[in-house]
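*Asks:* Let me begin by handing over the structure; questions about it come next.
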Amino acid sequence: MMNWETLVDLLLGIGLSAATGFRVFVPFFVLSVAAVLGHIDLPTNFDWIETNQALIVLAAASLLEVIGYYIPWLDHLLDTIATPAAVIAGTLVTALATSGLNPLLQWTLAIIAGGGTAGLTKGMNNILRLISTSISVGLTNPIFATIELVLAIGLAVLAITLPVATGVLVIVLVLTLLRRARQFLAAARSNLAQTPTQTPTQTPTQTPT
């Protein structure tokens with residue numbers, strides 16, 4: 000049975016998973032900084048993340064990822080790679096947060112809650128980026144990349160400092176997005192069904208007098 004402490008750990012994982020939907024490595028870097036500074040206790044099998052070596056590697060990976068999204072042709076390539084990577088990262092970070100659970104329950108929650116949240120966040124993010132690119136011909140992509148970075152850092156920090164509030168907020172946002180997407184698809188199907196099919200009009204043939 001899930002107790003309050005386990006629920007808090009799960010909400011922490013969900014909050015960090017949402018952050019991986021914006022940047023894959025940044026949430027892990029923030030988590031590593033928090034662990035090195037002693038703001039969060041990690042399970043023994045994940046204590047590697049609070050080493051200085053891990054901190055340096057994650058900092059370098061985060062920096063390269065951040066810079067890559069400011070390069071016009073590279074940002075779309077990164078989106079393609081980052082989508083499955085975000086799902087894996089969301090699953091891993093949620094499994095990390097819920098390591099006290101039974102392994103079967105731990106990885107089930109990690110895949111569904113963590114991977115699902117990261118995948119949905121990344122998917123919506125990709126759609127918004129494509130819309131931004133099509134409207135501005137890519138001119139607003141650096142602004143969009145900056146907003147993504149701020150959201151990734153902000154969500155990761157909030158998830159560590161206020162895990163319950165952040166996790167609940169992410170769940171509400173995810174459910175709202177799913178509801179809006181369902182309404183949009185239903186409206187699209189309804190409009191498609193109501194569109195009259197035009198039959199070609201036949202011109203009357205004139206008989207010679």
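Under numbering that gives the first Met the number 0, the first residue of the sequence shown carries the number 0, and numbering increases by one thereafter. Glycine included, each C-beta is placed from N, C-alpha and C at the ideal position. Remember, predicted model here, so these are calculated numbers, not experimental data.
1. Mind checking whether residue 5 and residue 115 have CB atoms under 8 Å apart?
2. Between residue 112 and residue 93, which are expected to be in contact by the criterion C-beta below 8 Å, what is the C-beta distance as a whole number of angstroms?
3. Please report the Cβ distance between residue 97 and residue 88, rounded to the nearest whole angstrom; I am assuming they are in contact, meaning their Cβ atoms lie under 8 Å.
4. Mind reading off the beta-carbon distance from residue 22 to residue 56? Whole number of angstroms is fine, and I expect it under 8 Å.
5. For residue 67 and residue 193, what's the separation of their Cα atoms in angstroms?
6. With the cut-off set at 8 Å, would you say residue 144 and residue 78 are in Cβ contact?
7. Which residues in the same chain have their Cβ closer than 6 Å to the Cβ of residue 265, if we skip the five residues on either side of it in sequence?
8. Report the rounded CA-to-CA distance for residue 54 versus residue 70, giving the unit in angstroms.
9. Please confirm whether residue 140 and residue 133 have their CB atoms less than 8 Å apart.
10. Tell me which same chain residues have a C-beta within less than 7 Å of the C-beta of residue 24, skipping the five on either side of it?
11. Please work out which residues of its chain come closer than 7 Å, Cβ to Cβ, to residue 106, disregarding the five sequence neighbours upstream and downstream, and give them in chain order.
12. By alpha-carbon positions, which one of 127, 189, 169 ends up nearest to residue 11?
13. Using three-state DSSP, classify residue 133 as helix, strand or coil.
14. Start and end of the alpha helix (DSSP H) containing residue 91?
*Replies:* In this structure, then:
1. no
2. That pair is a contact at about 6 Å.
3. So it is not a contact: roughly 15 Å between Cβ atoms.
4. Going by Cβ atoms, the distance from residue 22 to residue 56 rounds to 15 Å, so no, they are not a contact pair.
5. 45 Å
6. Result no, Cβ atoms of residue 144 and residue 78 do not sit closer than 8 Å.
7. This structure cannot settle anything about residue 265, because the visible part of the chain is limited to 0 through 208.
8. 25 Å
9. No; because the gap between Cβ atoms is not below 8 Å, this pair is not in contact.
10. 57, 60, 61, 64
11. 94
12. 169
13. helix
14. 71-96
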